Amino acid sequence: MKAIISDIHSNLEALQAVLADIQRHDVTEIYCLGDIVGYGPNPRECVDLVMKCNMVLLGNHDQGAMFDPEGFNAPAERAIFWTRDQLEAPSENLERKQGRWEFLAERPRNFKENGMLFVHGSARNPLNEYVFPEDIYNQRKMERIFALVERYCFQGHTHVPGIFTEQVPEDLYQFSSPEELDYAHTLDERKTLCNVGSVGQPRDGDWHACYILLDGNTIRYRRVEYDIETTIRKIYAIPELENFLGDRLRDGR
Ligand code: ZN
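The opening residue of the sequence shown carries number 232 in the numbering used here; numbering runs sequentially from there.
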């Protein structure tokens, strides 16, 4: 059984709670779909933990921290520059620091395995494209993206978990939230996109950290409680991270 996590965003409390939950299951491999850093207060600690995963992709915030950030709003960009400073902090153990940079710099943008594709954003634009639930009404966009998926694609980036299924005759593209699926979905003959949700900054109205377990063809969504107030306090204490980045965690927005 695999665990697939994404969008940790330097939220150490959420990541630790998710890793503890993973340990309670029969998981042999952990995959991470990117955005280890950005927004939150513990970039170094989160990179150190994610380095132990079996497969880790590059996210747009990870890329922003290493290179010139493009296309981010002002608070996100400030958080990215602060993150870069943390990763470059002179007080840090040089070897660990270099190890983190090398690790981030080597991350691939996609990964394929047994007809399954893994990306941060979308099959069409692995790093930056968002596929939101309302995109099911954007026929052209969905057609193009589904055309690039052999069978199943696992993705993150929107922080909105759920399952997209392809158009079949007489039917439209469909999106189902974890709640609507009763937190489980079995992959079938239809092409499917699975958004695994966000560990460190869920935006579907549920503040619990989100990830999935993949057992054969069965996806199970996990929602995990964590010490959110500690994360929020840390964000408040860092001037470069705007307070609303903490407040939004409470609302899951
Ligand atoms: Zn993200």
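Note that beta-carbon positions come from the ideal geometry of N, C-alpha and C, so glycine has one too.
The model shown is predicted, which means the values in this text are computed figures rather than measured ones.
Taking the beta strand (DSSP E) that residue i belongs to, which residues open and close that run?
| i | result |
| --- | --- |
| leucine 280 | It is not in any beta strand (DSSP E) - leucine 280 instead sits in the alpha helix (DSSP H) that spans 274-281. |
Is it buried or exposed for residue i, if we count other Cβ within 10 angstroms and need 16 for buried?
| i | result |
| --- | --- |
| serine 322 | exposed |
| proline 357 | buried |
| phenylalanine 475 | exposed |
| aspartate 366 | buried |
| glycine 352 | buried |
| proline 300 | buried |
| histidine 240 | buried |
| glutamine 317 | buried |
| phenylalanine 395 | buried |
| valine 399 | exposed |
| glycine 346 | exposed |
| arginine 338 | buried |
Counting along the chain, where does the alpha helix (DSSP H) carrying residue i start and finish?
| i | result |
| --- | --- |
| glutamate 344 | No alpha helix (DSSP H) holds glutamate 344; the beta strand (DSSP E) holding it covers 341-344. |
| glutamate 333 | 325-336 |
| alanine 354 | It is not in any alpha helix (DSSP H) - alanine 354 carries neither H nor E in the DSSP assignment. |
| isoleucine 466 | 459-468 |
| arginine 371 | 370-378 |
| arginine 309 | 305-319 |
| aspartate 257 | Neither: aspartate 257 is in no alpha helix (DSSP H) and is coded neither H nor E. |
| phenylalanine 298 | Unbroken run through phenylalanine 298: none, as it is neither H nor E. |
| glycine 477 | 475-482 |
Does the distance from the CB of residue i to the CB of residue j come in under 9 Å?
| i | j | result |
| --- | --- | --- |
| glycine 428 | glycine 265 | no |
| alanine 251 | aspartate 458 | no |
| leucine 348 | phenylalanine 385 | yes |
| glutamate 397 | arginine 421 | yes |
| glycine 477 | tyrosine 467 | yes |
| valine 278 | arginine 331 | yes |
| leucine 424 | alanine 378 | no |
| valine 268 | phenylalanine 334 | no |
| leucine 444 | isoleucine 235 | yes |
| asparagine 426 | asparagine 359 | no |
| alanine 245 | valine 391 | no |
| glutamate 410 | arginine 309 | no |
| lysine 233 | threonine 259 | yes |
| glycine 271 | leucine 289 | no |
| alanine 320 | arginine 371 | no |
| cysteine 441 | arginine 451 | no |
| valine 350 | threonine 389 | no |
DSSP beta-bridge partners for residue i?
| i | result |
| --- | --- |
| asparagine 416 | Checking the sequence, you will find histidine at residue 416 rather than asparagine. DSSP output for histidine 416 lists Ile450 as bridge partner(s). |
| asparagine 426 | Gln386, Gly393 |
| valine 287 | Cys263 |
| serine 407 | Ile394 |
| leucine 348 | Lys343, Cys384 |
| tyrosine 442 | Arg453 |
| isoleucine 236 | Cys263 |
Is there at least one Cβ from chain B nearer than 9 Å to residue i's Cβ?
| i | result |
| --- | --- |
| leucine 243 | In the displayed structure, chain B is absent; only one protein chain is listed. |
*Shell residues, 5 Å Cβ cut-off relative to heavy atoms of the ligand ZN*: Asp238, Asp266
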